[in-house]
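Residue numbers (the working numbering), protein chains in the order written: chain A, 21 to 915; chain B, 91 to 202.
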């Protein structure tokens, strides 16, 4: 009872210090007043009464102080004194303090930034209800070995009606639409066609309005859409009255019936990126328009694979059971539709696996690197504090001898290192903040949810906690050292007695630091070599002077009437004028059109060679590229055999095709492809040439077999490719005007130098490389500081010994060797352990290595030489100091 | 006027404060007045030590305080005895009586 009242009182005075102080003053004032009044009543005048009253009470300040004393403010005062003392100590050794704070800051900063990214991407709950019950049902192709293809629409309907274990089954597909509402340039929108049940399936409700009904979904062309939150805010000022409004999409009018939150497109980028080929999709970014799929896709055939199927497994059904049923349905379809479904199986992949699968190795790498750097930082800080503790051994001894209690000393050291830790933690947070921005900018565009990663307060709290924990731990070190110090020994300056045991421990720490940094440097080296290889290999043509721009011709004004295919005059005229006008832009030395830019995988199709129909069953699909005749020279593809297209080969001329080197090797290994006839979509074309490969799947990926058709005979172009002899930026600036002159209502996008496109395809490599590289540099600097510090320390403690050696006739060279030998032993051990660490660690990056073996001797060798030289430099200063020791002074020192 | 009053004995001040507070809550000035009045002005309170003493008693949990209005409508801090303070008063009181008895015994001694 009394304990409780007393405790409450203490807490109140401790935390309400200022208020308690004010109250005490008020109380004393009251006392004084009453006392004075009493004296006045006895006949004294007012002034005299006041004087006597204060005399009786004593000085207000004095009473206050003794009351405060009784309150236990001593403790706080002591603390304040300790902090002041610690601050002075830290200022007195600025090198040590700066190094420790920087070390802790870097380690904590890196760890916090990485933690924030990892929690933001992986740990934060998905916005879909029970996302682990969702799965993507892919189609497989045993001939090509692809395991992630979208389905055909009829296949989807069969899966939907027969897959009871699959539970709820929905479909989606991507589309590109432009919004022309008379306000500014037409806007190209990312659109997703989704089945009416899709939003229910993922468990996301519209922010405003409603989703479409089954009846609305069946209408063709669709009359209603939902818009994405981003477009809603951007274009409509987040106005709820947008519901019911009519907007013009691709020259057609539709009504907005709802707004979907950003979370609705969770994972869609990743699904599209993982699909074996993508349909035209703006790819990255938020979905602007959600339109019904049913009306658009009804009636499409089993050969066209552009339906992505998502299922929410029925309650209680395991993924294995659902997968079994999907496989059974696929087998039934294969029997029922031998043409379209031959060799087609099913692959049920959990939704989170699709979304996070490719990201996990990179994130794992980041986490490992972050932890390594954190360990290196902690080790370095410990090393610095140990050195400092040893240097202060004498101070501690003197103070112990003068009667400072072990507790008091311990407390002071704890305060000192807590102060260091807090400063380091603050620096770390600032660095984490900056580093996070850098990570987010560098991250590959297909990293899920990066745009939502924000400062994570758990991470901030964790890193501050970590800093404090480190502070407490390190606070123990000097105090613990102090306990082992015999004041008599320490005061006689027998530093060696203090140093010898520590030396071994600190050498171990330095070796650990070196090993970590060597590991990181080697892994970074492997990544550098991979990236160099990728850039050296290139996409198969020169990229530095190429520029691309993508556009879209709305079907309303550029009709695609399949009855008259391929005579589509509107499209043909537009293409011809576009090429003509583009060639006139100053600086343009070549212009070409294509259906997919040189780094766009485009689409594939099944095909056959006339006369070899039987073989076609075992052949993979072929990438179909539609290009204008000038494409090959513009992009710089070599002609290996035969010729390419001519301008005179229009729809009226015999249909021709060109294949790439890989296709020639794969399908015509034993004969010449020239003159052979290739057939897809029921149309036969004669092969007239073979060209060199373009790495359309990305520089680090293998080249698929491809066939080229002339855009003059197959009007499907939607990309302009320009070769520029001069300033790319100046030409790029001309492009919007170029299209506006031809058709002011077209949306254009993706205007960029092809080098930028190439870099985007290696974004994961670059991301990992920059992060690991930065960490490696930091770890290396820490390790070199460590070597330098330990050798300097050891040299200093051996001053007398070395002085004696020199006095006895040892040469300066032999003294230098003595110190260097000590250092090199650490370096060798560090290199050895680092190489072992790298051999293990490079497993983590194996998926990111391109034409580089995990144990690439050239990289290991280069790192060994580099670290050796750097270490020598770090050791040189202490070694030289040792040779400068003057025997006379050395013997006098500390005598 | 010559002041012949005695200062309160060291160590007994807390006891007197507890005793005064055991009757009713009262403010600091009131405590000094009450002690002087009850001792028929024989004892004078060293006012400088009153507030530290009150602080000590509060920390021990024997006394709690609160702000109240006085009879003339002034704000003053009133101190009140807690249950723990009441039993502490019993303890100190019996200790004091034992000590006083001992001192009396010694003072009565006439030599043997």
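The C-beta atom is built at its ideal place from N, Cα and C for all residues, glycine as well.
In the DSSP assignment, the beta strand (DSSP E) including residue i goes from what residue to what residue?
{"i": "residue 220/A", "result": "First-last for residue 220/A: 218-222, but that is the alpha helix (DSSP H), not the beta strand (DSSP E)."}
{"i": "residue 82/B", "result": "This structure does not reach residue 82/B, given that chain B is present from 91 up to 202, and the question cannot be answered."}
{"i": "residue 701/A", "result": "Run containing residue 701/A: none; DSSP gives neither H nor E here."}
{"i": "residue 166/B", "result": "165-171"}
{"i": "residue 728/A", "result": "726-730"}
{"i": "residue 920/A", "result": "Residue 920/A lies beyond the residue range present for chain A, which begins at 21 and ends at 915; the question has no answer from this structure."}
{"i": "residue 104/B", "result": "It is not in any beta strand (DSSP E) - residue 104/B instead sits in the alpha helix (DSSP H) that spans 103-113."}
{"i": "residue 310/A", "result": "309-312"}
{"i": "residue 161/A", "result": "154-161"}
Whose Cβ in chain B lies nearer than 9 Å to the Cβ of residue i?
{"i": "residue 66/A", "result": "Chain B residues near residue 66/A: none, gap ~18 Å exceeds 9 Å."}
Using a Cβ-Cβ cut-off of 9 Å, state whether residue i counts as contacting chain A.
{"i": "residue 154/B", "result": "yes"}
{"i": "residue 150/B", "result": "yes"}
{"i": "residue 142/B", "result": "yes"}
{"i": "residue 127/B", "result": "no"}
{"i": "residue 189/B", "result": "no"}
{"i": "residue 132/B", "result": "no"}
{"i": "residue 174/B", "result": "yes"}
{"i": "residue 157/B", "result": "yes"}
Does residue i get closer than 9 Å to chain B when you measure Cβ to Cβ?
{"i": "residue 76/A", "result": "yes"}
{"i": "residue 46/A", "result": "yes"}
{"i": "residue 31/A", "result": "no"}
{"i": "residue 55/A", "result": "yes"}
{"i": "residue 805/A", "result": "no"}
{"i": "residue 43/A", "result": "yes"}
{"i": "residue 27/A", "result": "yes"}
Tell me where the alpha helix (DSSP H) around residue i begins and ends.
{"i": "residue 157/B", "result": "Here residue 157/B belongs to no alpha helix (DSSP H); instead the beta strand (DSSP E) covers 153-159."}
{"i": "residue 661/A", "result": "No alpha helix (DSSP H) holds residue 661/A; the beta strand (DSSP E) holding it covers 659-662."}
{"i": "residue 842/A", "result": "832-865"}
{"i": "residue 776/A", "result": "774-781"}
{"i": "residue 326/A", "result": "Taken as a continuous stretch (DSSP letters only), residue 326/A belongs to no alpha helix (DSSP H), as it is neither H nor E."}
{"i": "residue 879/A", "result": "877-903"}
{"i": "residue 196/A", "result": "Here residue 196/A belongs to no alpha helix (DSSP H); instead the beta strand (DSSP E) covers 188-199."}
{"i": "residue 592/A", "result": "589-604"}
{"i": "residue 623/A", "result": "From DSSP, residue 623/A is part of no alpha helix (DSSP H) but of the beta strand (DSSP E) over 623-625."}
Whose Cβ in chain A lies nearer than 7 Å to the Cβ of residue i?
{"i": "residue 166/B", "result": "50"}
{"i": "residue 102/B", "result": "Ordered by position in chain A, no residue passes the 7 Å Cβ test against residue 102/B, which lies about 17 Å from the chain."}
{"i": "residue 118/B", "result": "47, 51"}
Am I right that residue i and residue j are in contact with their C-beta atoms under 8 Å? What's the rounded C-beta distance?
{"i": "residue 678/A", "j": "residue 711/A", "result": "6 Å"}
{"i": "residue 545/A", "j": "residue 882/A", "result": "6 Å"}
{"i": "residue 535/A", "j": "residue 737/A", "result": "The Cβ separation is near 56 Å, so there is no contact."}
{"i": "residue 236/A", "j": "residue 312/A", "result": "6 Å"}
{"i": "residue 645/A", "j": "residue 571/A", "result": "Not really, about 17 Å apart at Cβ, beyond 8 Å."}
{"i": "residue 743/A", "j": "residue 486/A", "result": "Going by Cβ atoms, the distance from residue 743/A to residue 486/A rounds to 54 Å, so no, they are not a contact pair."}
{"i": "residue 590/A", "j": "residue 579/A", "result": "6 Å"}
{"i": "residue 843/A", "j": "residue 905/A", "result": "About 17 Å separates the two Cβ atoms, so there is no contact after all."}
{"i": "residue 601/A", "j": "residue 762/A", "result": "7 Å"}
{"i": "residue 714/A", "j": "residue 618/A", "result": "5 Å"}
{"i": "residue 473/A", "j": "residue 460/A", "result": "6 Å"}
Just the chain B side, please: which residues come within less than 8 Å of residue i by C-beta, in chain order?
{"i": "residue 24/A", "result": "151"}
{"i": "residue 60/A", "result": "Within 8 Å Cβ-Cβ: nothing; residue 60/A doesn't reach chain B, min ~15 Å."}
{"i": "residue 415/A", "result": "Correct list: empty, because the minimum Cβ distance to chain B is about 36 Å."}
So which residues on chain B does residue i lean against when the C-beta distance must stay under 7 Å?
{"i": "residue 152/A", "result": "Ordered by position in chain B, no residue passes the 7 Å Cβ test against residue 152/A, which lies about 55 Å from the chain."}
Would the stretch 567-579 of chain A count as touching the stretch 886-894 of chain A if we require 3 or more Cβ pairs under 8 Å? no
Determine contact between the stretch 182-192 of chain A and the stretch 379-387 of chain A, defined as no fewer than three beta-carbon pairs at a distance below 8 Å. no
Cβ contact check for the stretch 446-456 of chain A and the stretch 118-129 of chain A: 3 or more pairs under 8 Å: yes
Counting beta carbon pairs with one atom in the stretch 280-287 of chain A and one in the stretch 135-153 of chain A, are three or more of them shorter than 8 Å? yes
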